[in-house]
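Numbering (UniProt numbering), first residue to last: 1 to 1059.
Note that beta-carbon positions come from the ideal geometry of N, C-alpha and C, so glycine has one too.
Here the structure is a predicted model, which is why all the values come from computation and not from measurement.
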């Protein structure tokens, strides 16, 4: 019996919580307790209304049951859903706090608006904090803990399960976790190469969000940005450096039926509305004369054309489409590929406008061929073949069976759904290609982020809702197993006793779906295997087998056909099975596969690259989905799982409304109270004995430290805990040492960790004198190096003066003139004047000959691939663009210089990259023909001065690099050192003083206001990016002000006169 079912004794005048059907658990005062009625009259504390409530739905109110400012629900004094609900409610409504804790599980209540504690500025506090427990709860702590587990502590791979109802904020939470892990990876990058790899993966994941959301999300009755597919993101990290090296996105069960029809108040996938709003009139004309979203049946059936964003404001679909286009470009997807994607979307819109009719023989035919021919032109397929796909049911060499009107409509809809799913799958492959690790991941650790579709319960629930809710049942079962069953089994195996905790186990419910012969999915597959199979017979088979065998199965009323109900972990759902056979089979005709495979467009030909989807029992949707979930469950069980529970506070997406009945149902379905009870009675912190001793070695007393050195680790752990038990007088039992692990209460771990941090701080303070001594030695060595450098420069200037005087005497030497004539014949491409100056500067024949050979080699070096690779790296060109160049034979500087700007933009090169490449090409050309360009005006003295200047520049560059390295050796990150050193023009002492103020990171993250009066400084990344292109700081700032902060536009304005 659960807590809510127990009958409590109440008296008149007592303050209580009572469960009202429409409002959930609310406060009230008992007015009367009728004898023997089993009911209580309670006055609502808010409205004053008196209601009669069953006594089983009344719970006594305790004034100090919770402290709303304490984020951890473990500290509830009254273990009941009512005080837990009101604690979360008070934190949400009065304190405006989104996150609460359930031990290490984070509860996130969707605020339906941007919150100040979710900003990038606040994220920096969590990234740099030495003790996360001192900060307010946040989902970032989950990501931080997972990262520390695999990189710092070297534990097994991690997974984070983000669960909750549709509209509870799972997608936004996932994006926040990915962004945080990307920033942690950036901080751990030890060199530019690692940083470039980490940033590339992080940026690609960030750009994939608008693309996958546009193609895979839609507005539903519950959520304006509902994910109609599930995804599991694996992020790979180098186990040594901690740098993110790649990732992979796996998707589950895209909802295909939405392509053809939606419920009232819902939309099709976002991309259709965005494309129609964002395309120019010329582009619409090229795509078959596209119109507005209200002109297409598949988009207006729900009679809903807008949607709200995270901030509650209506989104502009045209602006969203612009973001999608930019994201596709940044993911390295070529413009031709993007155009093919839009052609597929336009073809779907045209095909779903087709109207079919039947002749006197019941053969279907197309009423208006205009949209049909437009779609064929866009897909570049044979109209005759595609027409047969719709109008011919089956065909052999002997007989052809024509489709009727209803069948033709079904074939057309199936074709549209198939090519959209093929497009979505190809899009996921392109995203994975942009984030794929460059090397093997065998030595890497990973963190998996699971964002699965939320639990759904509509007025009419079909096959998609069954699969979605089954997936949520599987995840809840994993939570139960991970939290309760595995906990109990582990304690027993370690010889540690804890009391048993009853929890709502849904294993039988999952078995009802998965049973081999008579499970719901197996019965559906059996019916699909019969040519004459019907939904009615499938439903009857389910009724006959499960009506008495499983308490989770509910028979409908006798008057309702093709329905049955399931008591899921979250709530009861009634399902309608009318079209389940068609949706489960989900195959396409072989003729469709052949038609698409013969398209003249290479991208469209690849839509079915995995082969045709066959119409048989071995390839049903239900079976494939079961196999996917089985593989996912096995992978989750191999990892250490973190949980984020997302809560939806209301059904209207209002930022200021908290519906008690909705939230309390979610809290009860997530086993909230059972989890609290288990964690209170058990030991939530578990570490292997070896890891525990190694981690806390610095605070071990002398006796256990000696035991640890002698490898008596079990005795060392027991002795250490016993010593601190006496010191802190912890309540017992607060820890236990098993066979291989140490079991601790949270307060014990927190006390030991605080002590460890103080010990480390004390040790660091002892290092201060050593650091000061190092700074003194460093400054003294720099002074001596500078004195030596100045002395060398003085000697060099004297030597240069002597050589110039000697060259003036040798200029009339006949022997040298003959040598110059011989060299002119050998090196006709260099020029006589240049050869003369080189010979005068280097009178020895072997030296001058060697110098001229090197100059000629440099002239031809531009045609070498090695030089091409170097220039690409210096210009900061993206790897996917370089790969495109190489695939198209552009592998030398000579060939690159032959490409005009339009060609380069066609490969996806941005304006910033274009300016950088152009600058480096000019720099290469200048280096090769520098003497040639000055041949008419340079004399011997000027040439000497230029060579001296070049040497000084090399010294300065080396000195600047040394300064950067020296500051990085002091522990400052390169991302802070470079802009600060640039800002202070290379003054290392001023730069070090600024870095010690520890405000550089915050300054770098500040986004300057845009516009002509925008404030831009040398600290801003945009300014730094332009300065790297050779632009002065002032010019860079002025250009950014005039272009509203667009780096590409600024680069175009600065370099539009470069030839």
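Extent of the continuous alpha helix (DSSP H) to which residue 140 belongs: 139-147
message: Assuming residue 223 is part of the beta strand (DSSP E), what are its boundary residues?
response: Counting along the chain, residue 223 falls outside any beta strand (DSSP E), and DSSP gives it neither H nor E.
message: Just list the residues that DSSP pairs residue 100 with in beta bridges.
response: 107
- request: Quickly, what does DSSP pair residue 685 with across the bridge? List them, please.
  value: 744
- prompt: Counting pairs of beta carbons, one from the segment 89-100 and one from the segment 130-137, are three or more of them closer than 8 Å?
  reply: yes
- prompt: For residue 569, which option in 67, 476 and 967 has the closest C-alpha, if you only look at C-alpha atoms?
  reply: 476
task: Would you check if the distance between the CB atom of residue 967 and the CB atom of residue 921 is smaller than 8 Å?
output: no
message: On the criterion of 16 or more Cβ atoms from any shown chain inside 10 Å, does residue 530 qualify as buried, or is it exposed?
response: exposed
query: If residue 157 sits next to residue 639, beta carbons under 8 Å apart, how far is it from one beta carbon to the other, in whole angstroms?
result: 5 Å
- prompt: In its own chain, which residues sit with a C-beta less than 6 Å from the C-beta of residue 185, not counting the 5 before and 5 after it?
  reply: 198, 243 and 244
- prompt: Rounded to whole angstroms, how far is the Cβ of residue 304 from the Cβ of residue 266, which I believe are closer than 8 Å?
  reply: 6 Å
Residue 896 versus residue 882: straight-line alpha-carbon distance, rounded: Approximately 11 Å, taken between the alpha carbons.
Nonlocal neighbours in the same chain, by C-beta distance under 8 Å from residue 49, ignoring five residues either side: 43
Buried versus exposed, by CB contacts within 10 Å (16 or more), residue 951: Caution is warranted here: a pLDDT of 43 is assigned to residue 951, below 50, making its placement in the model unreliable, and the coordinate value is therefore given only provisionally. Classification of residue 951: exposed, given that the 10 Å Cβ count is below 16.
- prompt: Which residues share a DSSP beta bridge with residue 163?
  reply: 645
- prompt: Roughly how many angstroms lie between the CA atoms of residue 660 and residue 19, to the nearest whole one?
  reply: 10 Å
- request: Please name the residue, chosen from 375, 368 and 293, that lies closest to residue 286 on a Cα-to-Cα basis.
  value: Ranking the options by Cα distance to residue 286, first place goes to 375.
task: Identify, in the order they occur along the chain, each residue of the same chain with its Cβ nearer than 8 Å to the Cβ of residue 578, setting aside the five sequence neighbours on each side.
output: Beyond the five residues adjoining it in sequence on each side, residue 578 comes within less than 8 Å, by CB distance, of 462, 535 and 562 in the same chain, given in chain order.
- prompt: Going straight from the alpha carbon of residue 14 to that of residue 666, what length do you get?
  reply: 28 Å
query: Of the choices 397, 653, 523 and 546, whose alpha-carbon is the least far from that of residue 537?
result: 523
query: In this structure, what does DSSP give as the bridge partners for residue 366?
result: 356
message: Tell me which residues share the same chain as residue 495 and place their Cβ nearer than 7 Å to its Cβ, disregarding the 5 neighbours each side in the sequence.
response: 738 and 739
Short Cβ contact (8 Å threshold) for residue 466 with residue 533: no
message: Rounding to the nearest angstrom, what Cα-Cα distance links residue 224 and residue 653 in this structure?
response: 9 Å
query: What does a CB cutoff of less than 6 Å around residue 320 pick up in its chain, not counting 5 residues either side in sequence?
result: 274
query: For the segment 422-503, which segments carrying the beta strand (DSSP E) assignment without a break, of at least 3 residues, lie completely within its bounds, in sequence order?
result: 444-451
message: With the cut-off set at 8 Å, would you say residue 232 and residue 448 are in Cβ contact?
response: Pairing residue 232 with residue 448 gives a Cβ-Cβ distance under 8 Å.
- prompt: If you compare alpha carbons, which of 393, 47, 453 and 82 is closest to residue 24?
  reply: 82
query: Going straight from the alpha carbon of residue 27 to that of residue 16, what length do you get?
result: 6 Å
message: Output needed for residue 1047: all residues of its chain with C-beta closer than 6 Å, excluding positions within five of it in sequence on either side, in chain order.
response: 912, 1022 and 1025
task: Would you identify the three-state DSSP class for residue 567, choosing helix, strand or coil?
output: strand
field: Spatially closest choice to residue 259 from 395, 146, 826 and 410, by CA coordinates
entry: 410
message: Please list the terminal residues of the continuous beta strand (DSSP E) segment that includes residue 27.
response: 24-32
task: Report the rounded CA-to-CA distance for residue 955 versus residue 279, giving the unit in angstroms.
output: Residue placement at residue 955 is flagged as unreliable, the pLDDT there being 46, under the threshold of 50; the coordinate-derived value follows with that caveat. Taking the straight line joining both Cα atoms gives about 54 Å.
- request: Ignore the nearest five residues each way along the sequence and tell me which others in residue 112's own chain have a CB closer than 7 Å to its CB.
  value: Here the set comprises 312, 653, 654 and 655.
message: According to DSSP, simplified to helix, strand and coil, what is residue 505?
response: coil
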